[in-house]
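Undergrad:
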Amino acid sequence: MTQLVEKQAAQIEKQTLQIEKLEKRVNELERQLGQNSNNSSKPPSSDGLRKPTNLRQSGGKKGAPKGHDGHTLRLSPSPLILFIACPIACLITVEAWVFIPSLEMIFTLG
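In the working numbering, each residue carries its 1-based index in the sequence shown increased by 909.
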């Protein structure tokens, strides 16, 4: 009976040492897993495909402040030059357009 108890005590001691060794290994691997380029000397390319968290806070309204007078570009009531832009294919039908004699027509080929 005492031999059995001694054998079991030796086995428990061996298992305890194995558990301690494995716990140290798990702790080391968890520490390595927590490393990235921000908290170690690793390059950013080793961080993997996970997107970095954005540290900037969104906020603030966009655009001009309240009460600001806007400026809008108005159309001229009597333009001096009329620009007509059309692809080359539409120039075939130019004869069908109605020309206004008082305006100079300039064609830009696109």
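Beta carbons are placed, not taken as given, at the ideal position from N, Cα and C, and that holds for glycine.
Among 931, 955, 929, 922, whose alpha-carbon lies nearest the alpha-carbon of residue 945?
TA: The candidate whose alpha carbon is nearest that of residue 945 is 955.
Undergrad: Going by DSSP in three states, residue 934 sits in which element: helix, strand or coil?
TA: helix
Undergrad: What number of angstroms, rounded off, separates the C-alpha of residue 902 from the C-alpha of residue 967?
TA: With the chain running from 910 to 1019 in the structure shown, residue 902 is simply not present.
Undergrad: Could you give the DSSP three-state label for residue 944: helix, strand or coil?
TA: coil
Undergrad: Roughly how many angstroms lie between the CA atoms of residue 941 and residue 932, to the nearest whole one?
TA: Separation of residue 941 and residue 932 (C-alpha to C-alpha, rounded to the nearest whole angstrom) is 14 Å.
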